[in-house]
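Sequence order for the protein chains is A and B.
Per our numbering, residue 14 is the first one in the first sequence, and the count goes up by one each step.
Per our numbering, residue 9 is the first one in the second sequence, and the count goes up by one each step.
For reference, the structure discussed in these notes is given below.
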Amino acid sequence: NAGVTQTPKFQVLKTGQSMTLQCAQDMNHEYMSWYRQDPGMGLRLIHYSVGAGITDQGEVPNGYNVSRSTTEDFPLRLLSAAPSQTSVYFCASTEMGFQGGLNTEAFFGQGTRLTVV
Amino acid sequence: GQQVMQIPQYQHVQEGEDFTTYCNSSTTLSNIQWYKQRPGGHPVFLIQLVKSGEVKKQKRLTFQFGEAKKNSSLHITATQTTDVGTYFCAGLAYSGAGSYQLTFGKGTKLSVIP
């Protein structure tokens, strides 16, 4: 049981390049989300998904795309990287069982440290 | 949109002193969660509070959820060097169309001086 796996752990991009940050979970969680963490800014929600085929925007979605074709995977795409996207990115998954006995603990991946030069 | 404010941003304490961080939401929450992040690590879940006025304890940590379900606090008694890290509160609120958002505060970075 690996939990939430993010790849890569580190990445350096040039401005304008594209890349995909991978996130996979093996806990059969419906709810998955992407956050970015910048010094003094806490964790800001980029995009989230409540299940396969359903995604929605969070607080800072511009410059990022997501898709959710399976329950397990939730990749984050940067179409044209900018220096402002230099950050640490965390993927999280949550059981989000709302039928009584809410259990909304978020399990985080190890993070991807992205630098855009 | 939903906002979660957390204070203080930094706290330096002598080992053995107490520590408190406060969290306030702009909207009524379904629940509030607390996470700890060690330097270089990822956030790790500590606890979840659901009921109005709820108080929970984990050893030296005491968590409270306000009566209006909009504010919360984390209190650590007699801090130890192992308590070092950043503590985040996170509020879960309904965002429409059967969906929820978990919004994090900016965190309180705790330093403990031995």
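All C-beta atoms in this analysis are idealised placements derived from N, C-alpha and C, irrespective of residue type, glycine included.
9 Å Cβ cutoff, residue i in contact with chain B
i	result
A/N116	yes
A/S46	yes
A/F87	no
A/A119	yes
A/F23	no
A/L127	no
A/L56	yes
A/D69	yes
Inter-residue spacing [alpha-carbon to alpha-carbon] between residue i and residue j
i	j	result
B/C97	B/F112	6 Å
A/H42	A/E85	8 Å
A/R90	A/E108	24 Å
A/T83	A/D39	11 Å
B/V63	A/M32	44 Å
A/A65	A/G76	22 Å
A/Q98	B/L57	33 Å
B/Q10	A/F23	31 Å
B/S60	B/T29	19 Å
A/V25	A/G124	14 Å
Residues that residue i bridges to, as DSSP identifies them
i	result
B/S107	B/G104
B/Q13	As written in the sequence, residue 13 of chain B is Met, which differs from the Gln given in the question. In the DSSP output, where bridge partners are listed per residue, B/M13 has B/N32.
B/S38	Per DSSP, none; premise fails for B/S38.
B/Q45	B/T94
B/V120	B/V21
A/A119	A/T107
A/V129	A/L26
B/G99	B/I40 and B/T111
Same chain, Cβ closer than 8 Å to residue i, neighbours up to 5 away in sequence not counted
i	result
A/F121	V17, F103, C104 and A105
A/Q112	Because the pLDDT of A/Q112 is 43, which lies under 50, any placement of that residue in the model is unreliable, and the number read from its coordinates should be weighed accordingly. None.
A/L58	S46, W47, Y48, G71, E72 and V73
Neighbour flag for residue i against chain A, beta carbons, 9 Å
i	result
B/L118	no
B/A126	Given that chain B is displayed from residue 9 to residue 122, the structure contains no residue 126 of chain B and the question cannot be resolved.
B/T111	yes
B/N79	no
B/L69	no
B/L100	yes
B/G115	yes
B/P16	no
B/Y43	yes
B/N39	yes
B/G9	yes
B/P51	yes
B/K30	The sequence as given places Tyr at residue 30 of chain B; Lys does not occur at that position. Answer no: the Cβ-Cβ gap between B/Y30 and chain A never drops below 9 Å.
B/S103	yes
Chain-order list of residues whose beta-carbon lies under 7 Å from that of residue i (same chain, five-residue window excluded)
i	result
B/Y102	S38 and Y108
A/K27	V130
B/G123	The displayed coordinates of chain B run from 9 to 122. Any statement about residue 123 of chain B would go beyond what the structure contains.
B/S34	Q10 and Q11
Beta-carbon contacts of residue i that lie in its chain and below 6 Å, excluding the five residues immediately before and after
i	result
B/T70	H83
B/H20	S119
A/Q30	A94
Residue i CB to nearest heavy atom of the ligand HEM below 8 Å
i	result
B/T87	The ligand HEM is not part of the structure shown, which contains no ligands of any sort.
Ordered list of beta strand (DSSP E) runs contained in the stretch 51 to 81 of chain B, each at least 3 residues: As far as the stretch 51 to 81 of chain B is concerned, its whole beta strand (DSSP E) runs of at least 3 residues are 52 to 57, 63 to 66 and 69 to 73.
Completely contained beta strand (DSSP E) runs for the stretch 29 to 107 of chain A, where each covers 3 or more residues: Within the stretch 29 to 107 of chain A, the complete beta strand (DSSP E) segments of 3 residues or longer fall at 32 to 38, 44 to 51, 55 to 64, 67 to 70, 77 to 79, 89 to 91 and 100 to 107, listed in chain order.
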